[in-house]
Structure formats: C-alpha cells, structure tokens
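Accompanying notes for the structure given below.
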Amino acid sequence: MVSTIEELTQDKHKQEDVATTRIEQMTSQVPSGTFLAAAAGCIGISAVLALSGRVKAANFVGQWVPTILILGLYNKLVKEHEPE
Numbered sequence: 060m061v062s063t064i065e066e067l068t069q070d071k072h073k074q075e076d077v078a079t080t081r082i083e084q085m086t087s088q089v090p091s092g093t094f095l096a097a098a099a100g101c102i103g104i105s106a107v108l109a110l111s112g113r114v115k116a117a118n119f120v121g122q123w124v125p126t127i128l129i130l131g132l133y134n135k136l137v138k139e140h141e142p143e
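Shown next as structure tokens:
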C-alpha cells in the first residue's frame, strides 16, 4: 500500500499545472519582507480608518492582513521547495 501512495504522489507532481508553476516562479522573486510590510501597512491603514470613524472601511482593510500573511507564507514555502 505504501508504494501505491508514493506512486499517486509522484503522479500528482507530474500533473502540476503549467499556470501554477509560472505563478510560483514569479512570486518566488518577491522578497518575503514585502508581504510583511504590506500586512503592517494594512494594519496601520485600518487603525487610521477606525480612529477617523470609518469603522466599516477599517474592518474591510483589516481583513486583508491574514490573507497577505498567508500569501507570504506560501511564497516562503515555494522558495524553500523549488528545485536548484
């Protein structure tokens, strides 16, 4: 059964979508600090909006932070696992 799982895993890697590969190549060129800076910027913008009374806009911008951080994590993983 172990060999069957290994074969399935290898088949999935062979079927990697060309578009995904291109996106990963492009995003791996973006420095990881960029995502952290963008997330921190969104936190700051959200705070300013909240302090100015625009609570709905502040919540909207504040919800970008986890998404940006997850994209940064994905970026870092792609960099770590790309072939040399």
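Numbers given in our numbering equal positions in the sequence shown, counted from 1, plus 59.
We put the beta carbon where it would ideally sit given N, CA and C, even for glycine.
- Fewer than three Cβ pairs drawn from the region 116-129 and the region 74-85 lie within less than 8 Å of each other, which leaves the two stretches out of contact.
- With fewer than 16 neighbouring CB atoms inside 10 Å of its own CB, Asn118 falls in the exposed class.
- Straight across, the Cα-Cα distance linking Ser111 with Phe94 is about 26 Å.
- Rounded to whole angstroms, the Cβ separation of Gly121 and Cys101 is 7 Å, and the two are in contact under 8 Å.
- Runs of the alpha helix (DSSP H) spanning 4 or more residues and lying entirely within the region 81-131 occur at 91-110, 114-121, in chain order.
- Comparing alpha carbon positions, the residue from Lys135, His140, Val77 closest to Gly92 is Lys135.
- Taking every protein chain shown into account, the CB of Ala99 has fewer than 16 other CB atoms within 10 angstroms, so this residue is exposed.
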